[in-house]
Structure formats: structure tokens, C-alpha cells
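Protein chains in written order, with numbering that gives the first Met the number 0: chain W, 0 to 311; chain U, 0 to 271. Virtual Cβ for every residue (Gly too), placed ideally from N, Cα, C. All remarks here apply to the structure that follows.
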Amino acid sequence: MNIIEIKNLTKVYQKRYSKKKITALNNVNLEIPKGIIFGLLGPNGAGKTTLIKILLEIAYPTSGQTKLFDSEENRTEMKKFTGYLPENHKYPAYLTGEAVLRIFGQLGGCDYKNIKARVSYVLDLVDMKKWADTKIKKYSKGMMQRLGLAQALMNDPKLIFLDEPTDGIDPIGRSEIREILKNLKSEGKTIFLNSHLLSEVEMISDRAAILNKGELVWDGAVSDLTENSKIVRISTDQNISDSVLQEIQKKYDIKKCSQNCLSIALSEIKDVNYAIDELRKNNINIISVIPEKQSLEEMFISLIKNAETEIK
Amino acid sequence: MKNIYLISMFTLREAFSRKIIITFAGISTFVLLLFLAVFLSFDTGVLDFKFSTNGMVYSPGYTLAEKIQALVSIPIFGGTLLLSIFSASGFIPHLLEKGNIDLFLSKPVKRYELLTGKFFGGILMVFLNIAYLVIGLWLLSGIKFGYWNFSFLLTIPITTFAFSVLYALMILTGIITQSSLLAMMLTYLIYFVLSPVLALREQIAFITGSSFLENFLNMMFYITPRITELADQNARIAEKLPVDNWEAFINCGIFGVVVYGISVYIFNKKDF
Numbered sequence: 000m001n002i003i004e005i006k007n008l009t010k011v012y013q014k015r016y017s018k019k020k021i022t023a024l025n026n027v028n029l030e031i032p033k034g035i036i037f038g039l040l041g042p043n044g045a046g047k048t049t050l051i052k053i054l055l056e057i058a059y060p061t062s063g064q065t066k067l068f069d070s071e072e073n074r075t076e077m078k079k080f081t082g083y084l085p086e087n088h089k090y091p092a093y094l095t096g097e098a099v100l101r102i103f104g105q106l107g108g109c110d111y112k113n114i115k116a117r118v119s120y121v122l123d124l125v126d127m128k129k130w131a132d133t134k135i136k137k138y139s140k141g142m143m144q145r146l147g148l149a150q151a152l153m154n155d156p157k158l159i160f161l162d163e164p165t166d167g168i169d170p171i172g173r174s175e176i177r178e179i180l181k182n183l184k185s186e187g188k189t190i191f192l193n194s195h196l197l198s199e200v201e202m203i204s205d206r207a208a209i210l211n212k213g214e215l216v217w218d219g220a221v222s223d224l225t226e227n228s229k230i231v232r233i234s235t236d237q238n239i240s241d242s243v244l245q246e247i248q249k250k251y252d253i254k255k256c257s258q259n260c261l262s263i264a265l266s267e268i269k270d271v272n273y274a275i276d277e278l279r280k281n282n283i284n285i286i287s288v289i290p291e292k293q294s295l296e297e298m299f300i301s302l303i304k305n306a307e308t309e310i311k
Numbered sequence: 000m001k002n003i004y005l006i007s008m009f010t011l012r013e014a015f016s017r018k019i020i021i022t023f024a025g026i027s028t029f030v031l032l033l034f035l036a037v038f039l040s041f042d043t044g045v046l047d048f049k050f051s052t053n054g055m056v057y058s059p060g061y062t063l064a065e066k067i068q069a070l071v072s073i074p075i076f077g078g079t080l081l082l083s084i085f086s087a088s089g090f091i092p093h094l095l096e097k098g099n100i101d102l103f104l105s106k107p108v109k110r111y112e113l114l115t116g117k118f119f120g121g122i123l124m125v126f127l128n129i130a131y132l133v134i135g136l137w138l139l140s141g142i143k144f145g146y147w148n149f150s151f152l153l154t155i156p157i158t159t160f161a162f163s164v165l166y167a168l169m170i171l172t173g174i175i176t177q178s179s180l181l182a183m184m185l186t187y188l189i190y191f192v193l194s195p196v197l198a199l200r201e202q203i204a205f206i207t208g209s210s211f212l213e214n215f216l217n218m219m220f221y222i223t224p225r226i227t228e229l230a231d232q233n234a235r236i237a238e239k240l241p242v243d244n245w246e247a248f249i250n251c252g253i254f255g256v257v258v259y260g261i262s263v264y265i266f267n268k269k270d271f
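So this is what it looks like as C-alpha cells:
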């Protein structure tokens, strides 16, 4: 079952006091199955936050449809099963962490009788129990993010939207949050993650999509994105002479990385045999042939660049 | 209803934490202490006699108490509205701040519930403050003169009603402009400038002799809230006189409902 379905979604903002229009989302189609961690990537202003806002009816689409929980029911009712951590969220500074969770928990549909236990549980989950009675004006950015995550989990949601959840959090805290998200996934919850930290998405997401200037440029499994590479690294036990390199270069784009290691870009993976033959012909022993895994960041940059070239 | 109640209480809490209610209560306490000092400084023994005519009991002490209450009902009405507008002006723009409104709208709360909760929360805050001051004055004058004028207590709902009408306008301005300053300025303009000027529209039209101005002022008179006239009626009621201008109440009521309805409509359609 798809927990989120987006069909031909377009959002155009009309600038105030001007006829200028800004297309935040352009004909986006996306289906997200239940029980996964989904990462939405894209440069600043790509339309990532707008997409979440439309799904939660914080903003309205110009055209197209969105569906949550495979249901046409009233979206307000559906929000009983969703949690949201907005980017740059603002809680009233005069409240304590516990009071924030109580207020937003009750608004989120938490049962009043169980709210104390739930507050205690989520504070413990994000390691903020000792700060529960402190006014949030004294919280650091990282603590605010943890509190925001706790707030998003108050109503025990089935679908959790997180907009830059690790913003301002140190590496140890990030790793803890990743663990929390993995645990939530193991409980069957679906997590929709907006992040500009590509490595983070790569580490925990099952699926990802890339938005650029409001258009979906890629959508699929993170492993497909990073392993779909035709670069091979060949390591040898001795230095590769320039003459051998020149011979190989006739056929391949060589990215030599050191004296006894070279990376070559292949048009087809079987073409690696020619390079191996050339090296062996010159009595160079081969230690390893490893297909290079492109990082998500490299793929991301290349996809964005390609998309921009197409637009031009 | 649960969500409206929760948001109203949240708004009241916001008013407490921003020291709005404390400041209000401080000013009211100062006024009450001032009256206490005045009442303690003179002896009402000379006024302490009664006579009856046609079955009605009269006392100079009662008359004085009634006049004092009628007299103070005017500054209470004006002063509390002035302070209330100032203190409630930030409620809506603050709600609409980025990062705050997203949180509220991501919850299973209908937009009209959110706005209505803010509306009632603001009204409740003002009601509590006015009630404290008016009941305090009523008790002081009752104890001093032995005269318990229950009509004076009607100042509480009437002033709260006047505030709710102006607050509806502040909500609309706040939603459109997201500026507390602009919401406050527009409300003060209507309350302090437009309403008193329009109350004198016939005299102004007579002096200038301009039929265009007369028509314009008449139009404005019917479409803007008649707060000045409401203040007059409040003073009459405090003095136990009958209401002689129900139109002011009806006009203000219709204005409040229409403006609030427009606010809800715009808020429902708005992207955040």
C-alpha cells in the first residue's frame, strides 16, 4: 500500500503586489510505500518544504492531487496519524519542554489521561528528560531539534514528516537520531525525510527522490542511485608506465589516481577486459578490479547538473 | 469545541507569560487603590439619610455613588479598550509567524477552530481584566455608600463586546498584513478618530454644507462600528438609564460578525 500518492502536483505562487509567478512544484508524481524511510533531496528552493506543506494542507496545490493513507477522507482527520517537525520551528519561548509537548500533544489528538506518560516516553526517547522543566528559551539549537522530534512523535503517528531533523545537531546526536528513526521504521512507521545532508539520507533511507526547481529529476531506491556506476578502479603491483597509459587512453577516459592505480570510465562494464589485457600484455600484475561506488553526493550533483543542462 | 478551548487557554497562557495580564491587573489595582484612598478621605455620614417619594427610596449617598459609577464607566470603557487593543495586537501576527503556524496547521485542527480559539482567548483575557477592575470598583463604592448598583456591572459585558468587535478587525488586518503595528493603528484610527467624528457627522455636514461629505460620512457611519455610541450607552446603563440607541449594539454586532467571517474565509484559503 502506498502511504503517500502524489499525482501531477503543481504549485504556483503569485507574488504579492506583482504579476510575477513562481513555480514551486511542477507536475510532480510520486508514490511512497508504507513502512520505509523516504528521503527527499534537492538544493535550496527546490520545493521540498512546499511538498510537505501541501501534503499537510498547510499550503494548497494549484493543480493535481495528493492522497495520504490511500484515503480520500478529510485531511484534517488524517493528521491524527501524522507527525511533523518543520524546519525552523518556533515554540513559545516562555514554555518548558514538557509544556510544549503537552499543548501540541493535546492538539495532535493525544488522550488527556495518557499524556503525562506519553510526554515522559518521548522525552526519554530523544534524551531530553532532564531538560523537561527548563524553559525552552534556554535550549540550544540541537535541544530544540530534539524537542521538535519529540513533538512530532507525541501522537504516535504512522507517518512522520521531518524537515531537516538533524539541523544544528552534533555528529553524536545525529547518529542517535538516525537510530531513533531506524527504530521507528522497525515499528512499521513511515518516515518522510527532507534533508540537505546527502550522506544522512544515503545512510538511512530506503528510497529517495531528487527535486530540482520544482521538478522531480529522480526517484528510486538509494542503492540504485549509487551503484549504477560504470567506473572501475584497477590496482596493480607496479607502476604503470606512460606508454601503457597512452595505449589504454585510446579507448577509455582514464582518471589515474596514483602510480599503481587507475580509474577508468567504461561505456560498458565488459570493456574492462581490454584494459586488463593491455596491462597483462606489459607484464603488469593486477591486484584488484573494483567497480567504484559513486557517492550519493556525486550522483546528486551530476543529476542536478544534467537537469539544468536540459532546461538550458 | 475541544480544540477551540485548548487554543483559547493557550492564548490566555501567552497573555500571562507576556506579562499582559499582570500589567493590566497592576494598572487596575492602582486605580482601585486610588479610589480606596479617595473614598477613605471623606466622610459620607452627612449623605447618610433616605427619603421616599411615590414609593421610590432616594438617598444623596446613592445618587453620588450612581454618578461616580457612571462617570468612571467612561474612562473604564476607553482605557481598557486602549490597553486591550495594544495587548492583543500581537496575537494573530505572532500566530502566523513562519515555523509557528506550520506547527498548528500540521495538527488535526480546522483552521476556523484555530482562529476562533485565538479570538475567544483574546476576549477572555480582556473580560478577566475588565471584570477585576469593575467588580473591584463596584465593591468599593458598595461598601462605601451601602448602595449596590448591579447595572454598573453591565460595563463588563459591554466593554468586552466592544473589544470583541475591534478585535475582529485586528484579526482581519493581522491575517492580511501579518503586522501587529498596522492592526493596532487601524483599530485605534477607527476607535479614536473615525467613530467620534462619525458620531458628529450631522454637525460636520451642516458646518461644511457639502452634500458629498454628508453622503460619505453617512456611508462610513453605517459601515464602521459605532464604538463612541456604544460608550455612551454604557455610561447610561451604568447610571441605570434605559438604552436609547440599540442601533449602536446592532451595528457593532453585524460589523463584528461580518469582519470575523471574512477573516475566517481568508484564513481558510491562505497558503503558509
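query, result
"Does Phe211 of chain U come out as helix, strand or coil in the three-state DSSP assignment?", "helix"
"Take every Cβ of the segment 54-67 of chain U, pair it with every Cβ of the segment 152-160 of chain U, and state whether three or more of those distances are shorter than 8 Å.", "no"
"Report buried or exposed for Leu188 of chain U, applying the criterion of at least 16 other Cβ atoms within 10 angstroms of its Cβ.", "exposed"
"Rounded C-beta distance between Asn128 of chain U and Ala24 of chain U? I'm assuming under 8 Å.", "7 Å"
"Taking beta-carbon pairs under 7 Å, can you tell me which members of the segment 108-121 of chain U lie near chain W?", "Val108, Lys109"
"Please list the residues of the segment 60-79 of chain W that have a C-beta atom closer than 7 Å to any C-beta atom in chain U, keeping them in chain order.", "Thr75, Glu76, Lys78, Lys79"
"Could you check whether Leu192 of chain W and Leu24 of chain W sit closer than 8 Å to each other, using their CB atoms as the reference points?", "no"
"Quick check on the burial criterion: 16 or more other C-beta atoms within 10 angstroms. Buried or exposed for Tyr111 of chain W?", "exposed"
"Can we say the segment 170-183 of chain U touches the segment 245-256 of chain U, given the rule of at least three CB pairs closer than 8 Å?", "no"
"Pull out every residue of the segment 83-94 of chain W whose Cβ sits closer than 7 Å to any Cβ of chain U, in chain order.", "Tyr83, Pro85, Asn87, His88, Lys89, Pro91, Tyr93"
"Three or more C-beta pairs closer than 8 Å, one from the segment 163-174 of chain W and one from the segment 142-154 of chain W: is that the case here?", "yes"
"Please go through the same chain and pick out, in chain order, the residues whose beta-carbon is closer than 7 Å to the beta-carbon of Arg101 of chain W, but skip the five residues on each side of it.", "Ile114, Val118"
"Which residue's Cα is closest to the Cα of Gln64 of chain W: W:Thr189, W:Thr75, W:Leu50?", "W:Leu50"
"Taking the alpha-carbon of Tyr12 of chain W as reference, which of W:Asp241, W:Ile53, W:Ile35, W:Ile31 has the nearest alpha-carbon?", "W:Ile53"
"Give me whichever residues DSSP pairs with Met68 of chain U in a beta bridge.", "For the record, residue 68 of chain U in the displayed sequence is Gln; it is not Met. Bridge partners of Gln68 of chain U: none, in fact."
"Give me the Cα-Cα distance between Ser185 of chain W and Glu178 of chain W, rounded to the nearest whole angstrom.", "10 Å"
"Using 8 Å for Cβ pairs, my map puts Ile2 of chain W next to Phe68 of chain W. What's the rounded Cβ distance?", "6 Å"
"Any idea what DSSP makes of Lys157 of chain W, helix, strand or coil?", "coil"
"Hey, out of W:Lys6, W:Phe37, W:Asn43, whose CA is closest to Lys385 of chain W's CA?", "The question about residue 385 of chain W has no answer, for chain W in this structure spans 0 to 311."
"Would you call the segment 79-96 of chain U and the segment 10-25 of chain U touching, i.e. three or more CB-CB distances under 8 Å?", "yes"
"Would you call the CB atoms of Asn267 of chain U and Glu112 of chain U closer than 8 Å?", "no"
"Report yes or no: is there a C-beta of chain B within less than 8 Å of the C-beta of Phe23 of chain U?", "Structure shown: chain B not included; protein chains present are W and U."
"Could you pull out every unbroken beta strand (DSSP E) segment of at least 3 residues lying fully inside the segment 108-162 of chain W, listed in chain order?", "158-162"
"Please list the terminal residues of the continuous beta strand (DSSP E) segment that includes Trp147 of chain U.", "From DSSP, Trp147 of chain U is part of no beta strand (DSSP E); its letter is neither H nor E."
"Would you decide whether Leu39 of chain U is buried or exposed? Buried here means 16 or more other CB atoms lie within 10 Å of its CB.", "exposed"
"Measuring straight from C-alpha to C-alpha, what distance separates Gly82 of chain W and Ile159 of chain W?", "5 Å"
"With a Cβ-Cβ cutoff of 8 Å, do Asp313 of chain U and Tyr59 of chain W count as a contact?", "The requested residue 313 of chain U does not occur in the structure, where chain U is confined to residues 0 to 271."
"Say whether chain U places a C-beta atom closer than 8 Å to the C-beta of Glu201 of chain W.", "no"
"Would you decide whether Ile155 of chain U is buried or exposed? Buried here means 16 or more other CB atoms lie within 10 Å of its CB.", "buried"
"Looking at Lys79 of chain W and Pro107 of chain U, is the spacing between their C-beta atoms short of 8 Å?", "yes"
"Chain U beta carbons: is any one of them nearer than 8 Å to that of Gln144 of chain W?", "no"
"Less than 6 Å between C-beta atoms, sequence neighbours within five positions excluded: which residues of the same chain meet that for Ser234 of chain W?", "Cys260, Ile286, Ser287"
"Can you tell me whether Gly173 of chain U is buried or exposed? The criterion is at least 16 other CB atoms within 10 Å of its CB, across all chains shown.", "buried"
"Under a three-way DSSP split, which group does Arg232 of chain W fall into?", "strand"
"I'd like the list of long-range same chain contacts for Ser163 of chain U, defined as Cβ closer than 7 Å, with 5 residues on each side in sequence excluded.", "Ile122, Gly255"
"Do you know offhand how far Ile203 of chain U's Cα is from Gly46 of chain W's?", "56 Å"
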